[in-house]
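Contents: one structure, followed by commentary.
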Amino acid sequence: MKKITFYQAAVILVFAIFSFSAVWYLIKGSQRRTFRFPVIGTETIACEIRYLPRNPAQGNLCLYVDELLLGPQTQRARPLFSAGTKNEFCFQRGKTLYVGLSQDVLYEVPEAARIKEGIALFRENIRRNFRGIKEIALFIDGKYVEEM
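Right, dumping it as structure tokens:
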């Protein structure tokens with residue numbers, strides 16, 4: 147039987163600690179979220195998976211809304227709203243999510259989804275990722291958006 151040298155033991159120990167830390171981070175440090183965006187030139191929907199940090203300063207829901215507004219990372223997928231759309235407010239009361247978007251949503255550009263489609267996918271994305279949300283009160287430039 148061959149003896150393990152001090153150097154070999156140190157390398158094995160460092161590798162074990164690194165492996166444990168990586169697995170711990172993946173389990174506790176982030177959460178899996180799905181994002182759905184329309185595909186250019188088709189009626190299909192592209193699904194992306196992103197790992198977002200747990201317990202961010204702005205809250206899980208608001209971070210998700212911010213990421214959703216940034217748009218897709220997948221090629222040939224279109225953002226839900228026109229470029230420059232920002233989250234003006236985002237908070238949850240009970241099972242209702244209140245989200246205020248900037249007026250940039252109203253600008254229809256060919257690169258982004260149509261407004262109705264974007265709003266429908268916006269709501270669908272939130273409902274799929276946050277099962278506790280039963281209603282989404284959406285405001286654009288401070289005005290309430292009725293169900294479309």
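With the working numbering applied, the sequence shown corresponds to residues 147 to 294, in that order. Every residue, glycine too, gets a C-beta built ideally from N, C-alpha and C. Computed from a prediction, not measured in an experiment: that's the story for all the values here.
For residue i, name the three-state secondary structure that DSSP assigns.
i	result
residue 227	coil
residue 192	strand
residue 286	strand
residue 257	coil
residue 246	strand
residue 143	The shown model of the chain, from 147 to 294, leaves out residue 143, and the question about it has no answer.
residue 232	coil
residue 270	helix
residue 264	helix
residue 291	coil
residue 203	coil
Less than 6 Å between C-beta atoms, sequence neighbours within five positions excluded: which residues of the same chain meet that for residue i?
i	result
residue 285	246
Based on the DSSP secondary-structure assignment, which residues constitute the bridge partners of residue i?
i	result
residue 152	The partner list for residue 152 (beta bridge, DSSP) is empty, contrary to what the question assumes.
residue 198	177
residue 281	242
residue 237	244
Count the other CB atoms within 10 Å of the CB of residue i; is the residue buried (16 or more) or exposed (fewer)?
i	result
residue 216	exposed
residue 183	buried
residue 264	buried
residue 252	exposed
residue 211	buried
residue 179	buried
Q. Do the segment 231-240 and the segment 195-203 meet, that is, are 3 or more Cβ pairs less than 8 Å apart?
A. Judged by Cβ distances under 8 Å, the segment 231-240 makes no contact with the segment 195-203, as fewer than three pairs qualify.
Q) Would the segment 181-189 and the segment 149-162 be scored as touching if the rule is three or more Cβ pairs under 8 Å? A) Output reads no: the segment 149-162 does not touch the segment 181-189.
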